[in-house]
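Residue numbers (the UniProt record's numbering): 1 to 196. Beta carbons are placed, not taken as given, at the ideal position from N, Cα and C, and that holds for glycine. Following: one structure in structure tokens, then a few remarks.
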């Protein structure tokens, strides 16, 4: 597969849709800051969106949480990393995001975020997305640590979780820690966890 620098780039355009599965801010191999999400552009059509304008992330968060349709302007399509027949959407500092409220199709959760079992997670390759989990949080073996993320100190907690098909180590980001209770079954939303 071609590297991002060598990929075919398309003309600037606009897109209307819903945002799903927003990631935290990440650092690229070239030390650039970015975040990604899924952009729903049809009833069953989803594309990976990579945003290099991290200052606009709060607008993405609000639109995603409130399930509001957005219009993205001055975005660029590139050959997809994950879908050979599809494309990714690149959102730069020159791109814009406006809330339009609704789209000509309904908001729909992507199939890739359906509930997974631990045996399915163990068979995933590197960089594959983990959907929603329904697991029991084991009371022993909790490890807490604080680390710098985007210039601020954030807490991460490592838990052991299990269900009928196996057990695994799971790291929860700060925003999800208070939502879990050891020894109880929990539904954990996608993108709030890191598998270890």
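Item: Of the residues 15, 46, 66, 49, the one placed nearest residue 101, counting alpha carbons only; Value: 66
Item: Residue 28 classed as buried or exposed, judged by whether at least 16 other C-beta atoms fall within 10 angstroms; Value: exposed
Item: Option nearest residue 138 by Cα separation, candidates 77, 108, 73, 162; Value: 162
Item: Proximity test, residue 17 beta-carbon vs the ligand FMN heavy atom, cut-off 7 Å; Value: With respect to small molecules bound, the structure shown includes none, and the ligand FMN cannot be examined in it.
Item: Straight-line Cα distance separating residue 25 from residue 56; Value: 11 Å
Item: Pairwise C-alpha distance: residue 135 and residue 164; Value: 9 Å
Item: Residues near residue 61 in its chain [Cβ-Cβ closer than 8 Å; skip 5 each side]; Value: 22
Item: Cβ-Cβ separation, residue 143 to residue 155 (assumed contact under 8 Å), whole Å; Value: Wrong, their Cβ atoms sit about 11 Å apart, outside the cutoff.
Item: Check whether residue 91 and residue 122 have beta carbons under 8 Å apart; Value: no
Item: Residue 199 in three-state terms, based on DSSP; Value: The structure shown does not extend to residue 199, since the chain is modelled only from 1 to 196, so the question has no answer here.
Item: Among 160, 177, 89, 140, nearest to residue 36 - alpha-carbon criterion; Value: 89
Item: DSSP three-state assignment for residue 52, whether helix, strand or coil; Value: coil
Item: Pairwise C-alpha distance: residue 108 and residue 184; Value: 29 Å
Item: Under the three-state DSSP convention, the category residue 177 falls into; Value: helix
Item: Spatial neighbours of residue 41 in its chain, beta-carbon cut-off 8 Å, leaving aside the 5 residues before and after; Value: 15, 16, 17, 47
Item: Local conformation of residue 118 per DSSP, three classes; Value: helix
Item: Inter-residue spacing [alpha-carbon to alpha-carbon] between residue 87 and residue 153; Value: 35 Å
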